[in-house]
Ligand SMILES: NC(=O)c1ccc[n+]([C@@H]2O[C@H](COP(=O)([O-])OP(=O)(O)OC[C@H]3O[C@@H](n4cnc5c(N)ncnc54)[C@H](O)[C@@H]3O)[C@@H](O)[C@H]2O)c1
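Written out as structure tokens, the structure is:
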């Protein structure tokens, strides 16, 4: 019996696929490779295809005797989602509905879904728990909220789901041979690495006049390997008969942009050129998770800190200055 990992050639999916195989579980990845890399998977089985292609999904389910799914496949760039909304609704929402239809036809009834803390928009308070209102502020975040809703409604069709609302995924595999592609992300840690390795001249800090301790924005950075472990816990929870659930995945620890910069300089011993510019529209001052539910129900907690996030990302970029080969 096999775990199907959609989008498993991407950043978080490839780390999760690696962890599952290290644990002796059988996995198969379904990915278009549009934004993922074969080299991220070593010898893990990969089917190159689209989750919206029901024939392919059906074939994979039957051939590998798929028993559960981790559904990472999606587009994730907030800015792009605002200029190409139909593409985002098509790939993130319509394709997810098509995927679930094929899964149910093949009697696959357990799914773990990559949602995002972006569904909270600008939360009223931090830490944020799962009861906070869902108020997406981008098409991307709306697509995540839509799929959460759809999966919840699909309980009636026999599906059980865990929607994991990730906070900020960061860092790289401890081996230094897997990590995030800095050409395809707007996230802070890869941009910091770009500056350190000279692919960008200076880090732009968007505002230092927020009502936070040092004036810069505060976020919750979760190591990608901890995130991978959260998926294993979610799969095991569903396999043991757990009911559908929506859960934050964060450390519960807020880190400011300036703290992250200082940690980078301390870990790498290198100066990080930066300049302060104005606030970015729609950036909340502080967003970090209340991880109580994840701890209580799934028994998960983050075990890697900010130092490990920075040092692992640095190791990856140092060894792979051009990322994976295309
Ligand atoms: N990276 C983060 O900080 C973060 C935060 C919150 C949520 N998420 C969500 O987690 C998931 C994984 O994120 P990531 O950072 O690994 O992204 P990623 O872009 O590295 O990986 C996504 C993968 O999905 C594949 N894909 C996209 N559409 C597909 C389709 N229709 N059929 C098959 N494959 C398809 C891409 O080729 C890529 O390999 C996404 O759903 C993303 O929205 C990410």
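Numbering (this note's numbering), first residue to last: 9 to 334. Backbone N, C-alpha and C fix where the C-beta goes; we use that ideal spot for every residue, glycine too.
Determine the closest residue to residue 290 out of 106, 22 and 128, with distance taken between C-alpha atoms.
Residue 290 sits at position 282 when you count from the first residue of the chain shown. That would be 128, whose Cα lies nearest to the Cα of residue 290.
Could you tell me if the beta carbon of residue 44 falls within a distance shorter than 8 Å of some heavy atom in ligand 1?
Reading the chain shown from its first residue, position 36 is the one you call residue 44. Yes, ligand 1 has a heavy atom inside 8 Å of this Cβ.
May I ask whether a heavy atom of ligand 1 can be found less than 8 Å away from the beta carbon of residue 20?
Here residue 20 refers to the residue found at position 12 of the chain shown. Checking the Cβ of residue 20 against ligand 1 gives yes.
Could you spell out where the alpha helix (DSSP H) holding residue 1 opens and where it closes?
Nothing can be reported for residue 1, as the shown portion of the chain is limited to 9 through 334.
What residue does the beta strand (DSSP E) around residue 282 start on, and which one ends it?
Within the chain shown, the letter at position 274 stands for residue 282. 282 to 285 is the extent of the beta strand (DSSP E) around residue 282.
In whole angstroms, what separates the C-alpha of residue 306 from that of residue 121?
Here residue 306 refers to the residue found at position 298 when the chain shown is read from its first residue. Here residue 121 refers to the residue found at position 113 when the chain shown is read from its first residue. Looking at the two C-alpha atoms, the distance is approximately 15 Å.
Does the region 124 to 144 come close enough to the region 292 to 308 to have 3 or more Cβ pairs within less than 8 Å?
A contact exists between the region 124 to 144 and the region 292 to 308.
Write down every uninterrupted run of the alpha helix (DSSP H) in the region 73 to 156 whose length is 4 residues or greater and which is fully enclosed by it, in chain order.
If we require 4 residues or more, the alpha helix (DSSP H) runs fully inside the region 73 to 156 come out as 86 to 91, 93 to 96 and 103 to 113.
Can you name the start and end residues of the alpha helix (DSSP H) that residue 305 belongs to?
Locating residue 305 in the chain shown gives position 297, where the first residue counts as 1. Looking at the DSSP string, residue 305 is not in any alpha helix (DSSP H), and its letter there is neither H nor E.
Taking the C-alpha atoms as reference points, what is the distance between residue 269 and residue 95?
On the chain shown, residue 269 is found 261 positions in, with the first residue counted as 1. On the chain shown, residue 95 is found 87 positions in, with the first residue counted as 1. Between residue 269 and residue 95, the C-alpha separation is close to 35 Å.
Between which two residues does the beta strand (DSSP E) containing residue 19 stretch?
On the chain shown, position 11 is the one that residue 19 refers to. Per DSSP, residue 19 belongs to no beta strand (DSSP E); it is in the alpha helix (DSSP H), 19 to 30.
Quick check: the Cα distance between residue 193 and residue 85, rounded to an integer number of angstroms?
Within the chain shown, the letter at position 185 stands for residue 193. Within the chain shown, the letter at position 77 stands for residue 85. Distance between the alpha carbons of residue 193 and residue 85: 7 Å.
Is the region 100 to 116 close to the region 62 to 80, with three or more CB pairs under 8 Å?
At 8 Å Cβ cutoff, the stretches touch.
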